[in-house]
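For reference, the structure discussed in these notes is given below.
Protein chains: 2
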Amino acid sequence: MTGPRYTPLCASLPATVPFVGPETQERQRGAPFLARLGANENIFGPSPRAIEAMAKAAADQWMYGDPESYDLKQALAAHHGIAPENIVVGEGIDGLLGYLVRLLVAPGDPVVTSAGAYPTFNYHVAGFGGQLHTVPYAGDHEDPIALFAKAAEVDAKIVYLANPDNPMGTWHSGADITAAMEHLPERTLLILDEAYVEFAPEGTAAQVDINDPRLIRMRTFSKAYGMAGARVGYALGAEPLITAFNKIRNHFGMNRAAQIGALAALQDAEYLAQTVENVAAARARIDQIAQANGLSTLPSATNFVAIDCGRDGDFARKLLSELVSRGLFVRMPFVAPQDRCIRVSAGRPQDLDQLELLLPQAIKAVQAG
Amino acid sequence: MTGPRYTPLCASLPATVPFVGPETQERQRGAPFLARLGANENIFGPSPRAIEAMAKAAADQWMYGDPESYDLKQALAAHHGIAPENIVVGEGIDGLLGYLVRLLVAPGDPVVTSAGAYPTFNYHVAGFGGQLHTVPYAGDHEDPIALFAKAAEVDAKIVYLANPDNPMGTWHSGADITAAMEHLPERTLLILDEAYVEFAPEGTAAQVDINDPRLIRMRTFSKAYGMAGARVGYALGAEPLITAFNKIRNHFGMNRAAQIGALAALQDAEYLAQTVENVAAARARIDQIAQANGLSTLPSATNFVAIDCGRDGDFARKLLSELVSRGLFVRMPFVAPQDRCIRVSAGRPQDLDQLELLLPQAIKAVQAG
Chain A
-4 MTGPRYTPLC ASLPATVPFV GPETQERQRG APFLARLGAN ENIFGPSPRA IEAMAKAAAD
56 QWMYGDPESY DLKQALAAHH GIAPENIVVG EGIDGLLGYL VRLLVAPGDP VVTSAGAYPT
116 FNYHVAGFGG QLHTVPYAGD HEDPIALFAK AAEVDAKIVY LANPDNPMGT WHSGADITAA
176 MEHLPERTLL ILDEAYVEFA PEGTAAQVDI NDPRLIRMRT FSKAYGMAGA RVGYALGAEP
236 LITAFNKIRN HFGMNRAAQI GALAALQDAE YLAQTVENVA AARARIDQIA QANGLSTLPS
296 ATNFVAIDCG RDGDFARKLL SELVSRGLFV RMPFVAPQDR CIRVSAGRPQ DLDQLELLLP
356 QAIKAVQAG
Chain B
-4 MTGPRYTPLC ASLPATVPFV GPETQERQRG APFLARLGAN ENIFGPSPRA IEAMAKAAAD
56 QWMYGDPESY DLKQALAAHH GIAPENIVVG EGIDGLLGYL VRLLVAPGDP VVTSAGAYPT
116 FNYHVAGFGG QLHTVPYAGD HEDPIALFAK AAEVDAKIVY LANPDNPMGT WHSGADITAA
176 MEHLPERTLL ILDEAYVEFA PEGTAAQVDI NDPRLIRMRT FSKAYGMAGA RVGYALGAEP
236 LITAFNKIRN HFGMNRAAQI GALAALQDAE YLAQTVENVA AARARIDQIA QANGLSTLPS
296 ATNFVAIDCG RDGDFARKLL SELVSRGLFV RMPFVAPQDR CIRVSAGRPQ DLDQLELLLP
356 QAIKAVQAG
């Protein structure tokens, strides 16, 4: 028997995963992690109102979620001062990136991103056969002008830019982004991934015309709202592009309790502000711990901090390995020279106590090895 | 400005939705439905253990779900007596169908289904440019031998068969399915959608070699387990095909509380048995109500009943419209001659009281109009 006949594209793809999950690592090491600081999850968690709403919605999970996410879109529209028609809600930014790449990218189509930027975007581009062109970081920042110049050079259908950036945590002002957009080709769609923007200083979110057809922005309840497990993301853009998602999206793909929880989370601005404070305090503590161990950190506008290990990628990889084997779930950038860093998510005091305890042990082990 | 450059395929697709949700209809009519019996949701709801597990998991939604759905797959493997490597968990059968079509179907590739079968499958086939060939029902049953003959004739990459069937509720014995599979071409993948199989008589699930590369089976927690809003489906098949999902699926797409709830639901066999009894009683009551109004019903192995309105599609559509306008959410098959029927999901006694009250009014209104 011959078996299924895959498309030539899918036959050519590797069976891969953008990130190995912490549960997989725990199964491999045979013990749970002492602190879960590797996936930029927000351990300060959802708003109590969101928790209550989701708990209450559990008994109603016999109903499909509203395929239009109507109530959530209405609230998001009011929150952003735009029309519901400019918003599409989806299964996290990951899901929305997949839909968007599918809408635009046919095999061989050029796409531009930064070398070392979000791997899941690259996964989707590869999955639809796109031709990925990369631009190096400028120092530890993504480089909008270079990205847009590359987009013009290769006639890219999409250019991806995260602001603030992951995995480095660095950021540009919204004004710098909009100024750089003067160099964005008319035929290229900019995906501005603002997953972490609620953590960033005032003015980081780009002030743009929602009807600009060259731009779509990605937002999420996974980070500042502390609901990564719920899978609720949304995109903001011009109505024709937003409507186009209806051609291909999984209309009944949203978890009903997650829709309800996101709505409740959005309405608790006070808790969001408290989380942003908690995260800022955690970033300061990570910096203190790094400095106490002779390392430095990069400024961050996110819920994680890149600790600069001060040497090359091999050193940082060894240090990462020592931390992980001691029970600290952390990750690091994939590409040099950013791979000199280790990325630590903001945690509660008890989580960062583990970092404080284990970092010197890990450094010692690497130096001894 | 020119706007985003869609792929030729996506540019050609309509912005569509396989089903209009009941919430949309409620907004249009300006009032909530009195009974929600149109989407084959299971109003008897999740197991209390699943509800408790999901409610308890709400506070932990800050964590991403395990991308491997390891615990759930282990339990499913034990439940089905197969290996975890033969199972992929995804965002409902709808999500898994989308991935599967993407893996196999390139523009122009032939696919076979029954005229009037599940529209969301057709939506995915159209979304990847497949060429859909249809076979009529044989009476009110899907026709496996005719489906497989058509698959041979057009050299189909996929043939879709639901057993039990939606929207008619009819079914074949598993033995008849496996016998018919002797006519299934070696180069065609059979998607056997068993979404409703837990409601069906013993022997309806096909007993097949899990390693048969011509077959993949779809199962869900949306129907008998009463968790449509959670979005947890799974597919059973040969390991190479199951592994291929890892090339393209949204690895971090599963809602974490839903994973936990599905595991709890699977472990409550007693509640499942009770639901199946409740549903059987509801089917009998729907039949009684139909008969009291001079109508008949089709035998059903699902949680819904097709009421045969005894006349043509126009009559049934008018009757449906009268029921909906009176506050009863129901749907009907799309294709003649099955469109002489109205499809009513199993409900609690109080839901079916509404059917009992409104059906004669609706019939009278149609006859008067």
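Protein chains in written order, with this note's numbering: chain A, -4 to 364; chain B, -4 to 364.
Don't be surprised by glycine CBs; every beta carbon is placed ideally from N, CA and C.
I want to verify the contact list: residues of chain A whose CB lies under 7 Å from the CB of F28 (chain B), in sequence order.
As a working mapping, residue 28 (chain B) is identified with position 33 in the second sequence. Result: empty, since nearest Cβ-Cβ is about 11 Å, beyond 7 Å.
Please confirm whether P62 (chain A) has its beta-carbon closer than 8 Å to some beta-carbon of chain B.
Translated into the one-based positions of the first sequence, residue 62 (chain A) becomes position 67. True, the Cβ-Cβ gap to chain B drops below 8 Å.
At a CB distance below 8 Å, what residues from the segment 320 to 351 of chain B approach chain A? Give them in sequence order.
none
DSSP three-state label for D354 (chain A), please.
Here residue 354 (chain A) is taken as the residue at index 359 of the first sequence, counted from 1. The question names Asp, yet the displayed sequence has Leu at residue 354 (chain A). In the structure shown, L354 (chain A) sits in a helix (DSSP, three-state: H, G or I).
Any C-beta of chain A sitting closer than 8 Å to the C-beta of F247 (chain B)?
Residue numbering aside, residue 247 (chain B) sits at position 252 when the second sequence is read from its first letter. Chain A contact via Cβ: present.
Do you know whose CA, among A:G221, A:N37, A:R44, lies nearest V339 (chain A)'s CA?
If you number the first sequence from 1, residue 339 (chain A) lands on position 344. Out of A:G221, A:N37, A:R44, A:N37 has the C-alpha closest to the C-alpha of V339 (chain A).
Within chain A, partners of Q20 (chain B) - CB distance below 8 Å
To locate residue 20 (chain B), count along the second sequence from 1; it is residue 25. Correct list: empty, because the minimum Cβ distance to chain A is about 11 Å.
Distance between L318 (chain A) and A326 (chain A) (C-alpha atoms, nearest Å):
As a position in the first sequence, residue 326 (chain A) is number 331, starting the count at 1. As a position in the first sequence, residue 318 (chain A) is number 323, starting the count at 1. In the sequence as presented, Ala is not what sits at residue 326 (chain A); that position holds Arg. Roughly 10 Å separates the two Cα atoms.
Chain B partners of V12 (chain A), CB-CB under 8 Å?
Along the first sequence, read from residue 1 onward, the residue named residue 12 (chain A) stands at position 17. Within chain B, the residues near V12 (chain A) are P62, N241, H246.
Among A:H136, A:N161, A:T183, whose alpha-carbon lies nearest the alpha-carbon of I153 (chain A)?
Locating residue 153 (chain A) in the first sequence gives position 158, counting from the first residue. The candidate whose alpha carbon is nearest that of I153 (chain A) is A:T183.
Within the chosen definition, does the segment 55 to 74 of chain B reach the segment 236 to 249 of chain B through at least 3 CB pairs nearer than 8 Å?
yes
Taking a cut of 7 Å between CB atoms, which residues from the segment 108 to 137 of chain A lie near chain B?
G122
If you measure between the beta carbons of L323 (chain B) and L293 (chain B), is that distance less than 8 Å?
On the second sequence, residue 323 (chain B) is found 328 positions in, with the first residue counted as 1. On the second sequence, residue 293 (chain B) is found 298 positions in, with the first residue counted as 1. No, Cβ-Cβ distance for L323 (chain B) and L293 (chain B) is not below 8 Å.
Sort out for me which residues DSSP pairs A133 (chain B) with in a bridge.
As a first step, residue 133 (chain B) is located in the second sequence; it is residue number 138 there, counting from the start. Note: A133 (chain B) sits in a beta bridge opposite B:H136.
Is V130 (chain A) closer than 8 Å to A157 (chain A) when the C-beta atoms are compared?
Stepping through the first sequence from its first residue, residue 157 (chain A) is reached at position 162. Stepping through the first sequence from its first residue, residue 130 (chain A) is reached at position 135. No; because the gap between Cβ atoms is not below 8 Å, this pair is not in contact.
Say whether chain B places a C-beta atom closer than 8 Å to the C-beta of D89 (chain A).
Position 94 of the first sequence, counted from the first residue, corresponds to residue 89 (chain A). D89 (chain A) counts as touching chain B.
Listed by chain order, chain B residues near L142 (chain A) by CB distance under 9 Å
Position 147 of the first sequence holds residue 142 (chain A). The premise fails here: L142 (chain A) is roughly 17 Å from chain B at the closest Cβ pair, so nothing lies under 9 Å.
Checking contacts by CB at 8 Å: is V100 (chain B) closer than that to chain A?
Counted from its first residue, the second sequence places residue 100 (chain B) at position 105. It does; some Cβ of chain A falls within 8 Å.
Could you round the C-beta distance between R321 (chain B) and A363 (chain B) to whole angstroms and report it? I think they count as a contact, below 8 Å.
To locate residue 321 (chain B), count along the second sequence from 1; it is residue 326. To locate residue 363 (chain B), count along the second sequence from 1; it is residue 368. Contact doesn't hold; Cβ gap of about 14 Å is too wide.
Selection from B:K242, B:D334, B:A264 that minimises the alpha carbon distance to P43 (chain B):
Here residue 43 (chain B) refers to the residue found at position 48 when the second sequence is read from its first residue. Among B:K242, B:D334, B:A264, the Cα nearest to that of P43 (chain B) belongs to B:A264.
Could you tell me whether any Cβ in chain B is nearer than 8 Å to the Cβ of N37 (chain A)?
What you label residue 37 (chain A) is simply residue 42 of the first sequence in a count that begins at 1. Yes, because at least one Cβ of chain B sits closer than 8 Å to the Cβ of N37 (chain A).
Cut-off 7 Å between Cβ atoms - residues of its own chain near H74 (chain B), not counting five sequence neighbours on either side
Here the question's residue 74 (chain B) lines up with position 79 in the second sequence. Hits under 7 Å: L261.
Pull up the distance between the alpha-carbon of A190 (chain A) and that of Q254 (chain B), whole angstroms please.
Position 195 of the first sequence, counted from the first residue, corresponds to residue 190 (chain A). Position 259 of the second sequence, counted from the first residue, corresponds to residue 254 (chain B). Approximately 24 Å, taken between the alpha carbons.
Extent of the continuous beta strand (DSSP E) run through I153 (chain A)
To locate residue 153 (chain A), count along the first sequence from 1; it is residue 158. Element bounds for I153 (chain A): 153 to 157.
Can you give me the Cβ contacts of D334 (chain B) inside the same chain, cut-off strictly under 7 Å, excluding the 5 residues immediately before and after it?
Position 339 of the second sequence, counted from the start, is the residue given in the question as residue 334 (chain B). Counting only Cβ-Cβ distances below 7 Å, and skipping sequence neighbours, we find G308, A311, M327, P328.
Segments of 4+ residues assigned as alpha helix (DSSP H) that fall wholly inside the segment 33 to 88 of chain B:
43 to 52, 65 to 75
Indicate the three-state DSSP secondary structure (helix, strand or coil) for L29 (chain A) in the structure shown.
Counting from 1 along the first sequence, the entry for residue 29 (chain A) is found at position 34. Residue state, collapsed to three classes: coil.
Would you kindly report the start and end of the unbroken beta strand (DSSP E) that includes I211 (chain B)?
The sequence position of residue 211 (chain B) within the second sequence is 216, counting from 1. Counting along the chain, the beta strand (DSSP E) containing I211 (chain B) begins and ends at 210 to 215.
Going by C-alpha to C-alpha distance, which of A:G289, A:A144, A:R212, A:D138 sits closest to K359 (chain A)?
Position 364 of the first sequence holds residue 359 (chain A). Of A:G289, A:A144, A:R212, A:D138, the residue nearest in Cα terms is A:G289.
Please find out if some non-hydrogen atom of the ligand NAP comes closer than 7 Å to the beta-carbon of A276 (chain B).
This structure does not include the ligand NAP; it has no bound ligands of any sort.
Decide if the segment 87 to 95 of chain A is in contact with the segment 201 to 218 of chain A; the criterion is three or more beta carbon pairs, one per stretch, under 8 Å apart.
yes
Verify whether the separation of the beta carbon atoms of L179 (chain A) and R226 (chain A) is less than 8 Å.
For the purposes of this step, residue 179 (chain A) is identified with residue 184 of the first sequence, where counting begins at 1. For the purposes of this step, residue 226 (chain A) is identified with residue 231 of the first sequence, where counting begins at 1. Contact flag unset, no.
Nearest chain A C-beta to A53 (chain B) closer than 8 Å, yes or no?
Position 58 of the second sequence, counted from the first residue, corresponds to residue 53 (chain B). True, the Cβ-Cβ gap to chain A drops below 8 Å.
Whole-angstrom distance between I140 (chain A) and V107 (chain A), CA atom to CA atom
For the purposes of this step, residue 107 (chain A) is identified with residue 112 of the first sequence, where counting begins at 1. For the purposes of this step, residue 140 (chain A) is identified with residue 145 of the first sequence, where counting begins at 1. Their Cα atoms are separated by approximately 12 Å.
Whole-number beta carbon distance between A201 (chain B) and G221 (chain B), since they are thought to touch under 8 Å:
By one-based count along the second sequence, residue 221 (chain B) stands at place 226. By one-based count along the second sequence, residue 201 (chain B) stands at place 206. Not quite, the Cβ-Cβ distance comes to about 24 Å (not below 8 Å), so this is no contact.
Please list the segments of the beta strand (DSSP E) lying wholly inside the segment 292 to 358 of chain B, counting only runs of 3 or more residues, in order along the chain.
299 to 303, 336 to 340
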